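Working notes for the structure below.
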Amino acid sequence: MPPTSALILNVNDDAASRYVTSRVLGLAGFRVVDAASGMDALALVTEDTDLVILDVRLPDISGLEVCRRLKETPRTQGALVLHLSAQAVGPGDRAQGLEHGADGYLVAPVDPEELVAQVHALLRLRQAEREVKELSREVVHQRQLLELAISCAADPIALYDETGRVLSANQSLYASRGSHAVHAPGRTLDEMQAADGALTPYLEQVRVALRTGQVQRGTMVLGSDRGPRYFDYVLSPALGAGGEVLAVMSSLRDVTESRSAEEFREQFIGMLGHDLRNPLNALSMSAQQLRRKGGLDERQGMLTERILTSAERMDRMIRQLLDFARSRLGGGIPVVRSPCDVFEVVRRTVDELRASHPGRVVELESKGDGLGKWDSDRLEQAVGNLVANALKYSPAESTVWVGAEGSEREVVLRIHNRGTPIPAEDLPHVFGAGAGAGAPPVTRARPAAWGWASTSPGRLSGRMTGTRRWPPVRRRARPSSFACHDDE
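The opening position of the sequence shown corresponds to residue 57 in our numbering, with each subsequent residue numbered one higher.
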C-alpha cells in the first residue's frame, strides 16, 4: 500500500506531545488514531494498524509491556512498533525496547522530518515483509501442488539430487516394484543397486545423466509381485545457470500391456500368413492340374493362367507378411539364395512399374554381368521400393533413370530422379523402420545376401541419385553402400 495511506496509532500520555506528533504525521498524509494509555492502545489497535508510535513510560502499564503483548497476539503481531520517549533515553533503554520487540526507537524531542522519514522507512520494511511472506506462501503452495501432482501421477516418478541420492519418489514407483521399495528417500545409487541388482542398467544410465547432463532413455525389465514388468524410462537432468547438474528426474511408463499386445499382434500376423498358405496351395495346385490336363478353350485357359498368376502374387504377399512378422518378433528376414540375374530382376521390376505408371518415363540401362547368387524376391522388393519412391517423389513430367552395372567386385544399381533432395539431417535415418523410404528390409536381412545401405549428404541441387550396391556371392567382395546424393 502507499505509505501515506498507512494507519498509525499514536500512544502518549502527554497531551501536548501527542498532539504535536499526530499533527506532523497528519500533515505528512498518514491516518492517525490517538491513545493516552497502554490499555487504550491495546483496545484501539486492530489488524489494520500498520504502525504504533509508543511512549515507553505510560501511567498504567509500560510501553515495553504493551509492545510485548502486541507482538505476542496473532491479531496484532504484524503491526510495527516505534518507541518515542523523552525520559527513557539511555543506551540501555533503547536496547531494552528493541529486545522487547520494537522495530525502532527515537528519543524526543525529534525533528519532524526525521520522524516522518523514520516512519516511511519502517513502513517500507513492513511492505517488504508482506511481499516476502506472500511470495513464501505462493512458493509453498506451488510446491504442495507439485508434490501432489507427482504423488498422484499414474506413472512412476523419482527425483535424484546431484550426487544420485533419492530426494523423493511417488507411490506409483513403489507399487511398480511390488514390496521392494528400493527408492526410499535418502538412498544412494550404490545402496539401491545393492538392494536390487535388476536396477543396475537403469542406475548406470542415471549416472550417465548426472555426469553428462544429457537426457537418457531406455527400457528395463523389473520383477514385481505381479510378475515381470517392462518399463520405458526418461531421465531428465535439471541444469543450473552454469550448466551443472542440480538434479535428475526419472519418469517411467509401464509398457507391459502394450508390449504384450504388440507381440500378440505380430504372432497373429505370422499365424495368419502361415495358415493362408494351405488354401492358396490348394487353389494353385488345382489350377496347375487344369492346365496340365489340357482341353481348355481359349477363355478357360486365360482364366486358368489368371488364377495361377494371382496365386503366385498372393504367395509373394504372404511371404512378405511372414517376413514382416519375423522381423518384428526379432527373428530377422530369412534369405534364400539361388542363381539369379540382377539385371533381369531390375528389368522385370521396371516393366511392372512402367505398367502401373503409364504416364511416366523410366529409362533403364544395364552394363556388364549381373549373374550371381542372391534372393531374387528380396532384390525385387528392394528395387521395386526404391524405383517406386523415385517415381513418387519427382515431377510427373520428369524422367526416372535406372542404371545397373556389374563387375568382378559388385553389382551397382543407380536410380536418378529430379525430386527434392532429402534433407541432410534425415539421410542417416532414410532406411529406418517407419521412415517412409520403403526399404526397412535392407536393414533386416543379412547384408552379405543382398547388400548394404547407408546414406551420405550432398548439395541441394534439385536432383537426387540413389546408388545401390550388391557384392556377388560368386566372388569375394567387401561391403558396399547405398548413397543418396545430388547429381549435376
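Every residue, glycine too, gets a C-beta built ideally from N, C-alpha and C. Since the structure is predicted, the reported quantities are computational estimates derived from the model, not experimental observations.
C-alpha distance - residue i paired with residue j, whole-angstrom precision
| i | j | result |
| --- | --- | --- |
| residue 472 | residue 456 | 6 Å |
| residue 86 | residue 173 | 12 Å |
| residue 535 | residue 469 | Because residue 535 carries a pLDDT of 34, less than 50, the predicted location of this residue cannot be relied on, and the following value inherits that uncertainty. So the alpha carbons of these two residues sit roughly 15 Å apart. |
| residue 278 | residue 315 | 14 Å |
| residue 411 | residue 305 | 57 Å |
| residue 234 | residue 318 | In this prediction, residue 234 scores a pLDDT of 44, lower than 50, which makes its location untrustworthy; no coordinate-derived value is stated. |
| residue 201 | residue 375 | 55 Å |
| residue 404 | residue 324 | 33 Å |
| residue 402 | residue 460 | 8 Å |
| residue 446 | residue 475 | 7 Å |
| residue 291 | residue 239 | 15 Å |
| residue 280 | residue 331 | 37 Å |
| residue 74 | residue 114 | 12 Å |
| residue 311 | residue 359 | 50 Å |
| residue 217 | residue 303 | 4 Å |
| residue 142 | residue 301 | 59 Å |
| residue 371 | residue 271 | 46 Å |
| residue 206 | residue 189 | 25 Å |
| residue 204 | residue 259 | 26 Å |
| residue 72 | residue 122 | 21 Å |
| residue 89 | residue 151 | 27 Å |
| residue 215 | residue 478 | 41 Å |
| residue 452 | residue 274 | 44 Å |
| residue 400 | residue 346 | 29 Å |
| residue 368 | residue 210 | 51 Å |
| residue 429 | residue 463 | 14 Å |
| residue 195 | residue 229 | 26 Å |
| residue 266 | residue 193 | 32 Å |
| residue 362 | residue 327 | 27 Å |
Which residues DSSP lists as bridging residue i, in chain order
| i | result |
| --- | --- |
| residue 421 | 459 |
| residue 14 | Residue 14 lies beyond the range of the chain shown here (57 to 544); nothing can be said about it. |
| residue 89 | 65 |
| residue 396 | 428 |
| residue 275 | 288 |
| residue 109 | 66, 138 |
| residue 402 | In the DSSP output, where bridge partners are listed per residue, residue 402 has none listed. |
| residue 224 | 215 |
| residue 294 | 303 |
Exposed unless 16 or more other CB atoms sit within 10 angstroms - verdict on residue i
| i | result |
| --- | --- |
| residue 119 | buried |
| residue 338 | exposed |
| residue 434 | buried |
| residue 219 | exposed |
| residue 308 | buried |
| residue 256 | exposed |
| residue 132 | buried |
| residue 396 | buried |
| residue 320 | exposed |
| residue 184 | exposed |
| residue 341 | exposed |
| residue 379 | buried |
| residue 225 | buried |
| residue 108 | buried |
| residue 212 | buried |
| residue 248 | buried |
| residue 77 | buried |
| residue 175 | buried |
| residue 450 | buried |
| residue 199 | exposed |
| residue 351 | exposed |
| residue 282 | exposed |
Within 7 Å, strictly: CB atoms of residue i and residue j
| i | j | result |
| --- | --- | --- |
| residue 65 | residue 101 | yes |
| residue 431 | residue 392 | yes |
| residue 136 | residue 159 | yes |
| residue 80 | residue 171 | yes |
| residue 241 | residue 222 | yes |
| residue 181 | residue 162 | no |
| residue 134 | residue 117 | no |
| residue 91 | residue 112 | no |
| residue 63 | residue 105 | yes |
| residue 467 | residue 398 | yes |
| residue 245 | residue 269 | no |
| residue 427 | residue 406 | no |
| residue 409 | residue 439 | no |
| residue 125 | residue 156 | no |
| residue 329 | residue 377 | yes |
Which runs of the beta strand (DSSP E) spanning at least 3 residues fall entirely within the region 160 to 216, listed in chain order?
-> 160 to 163
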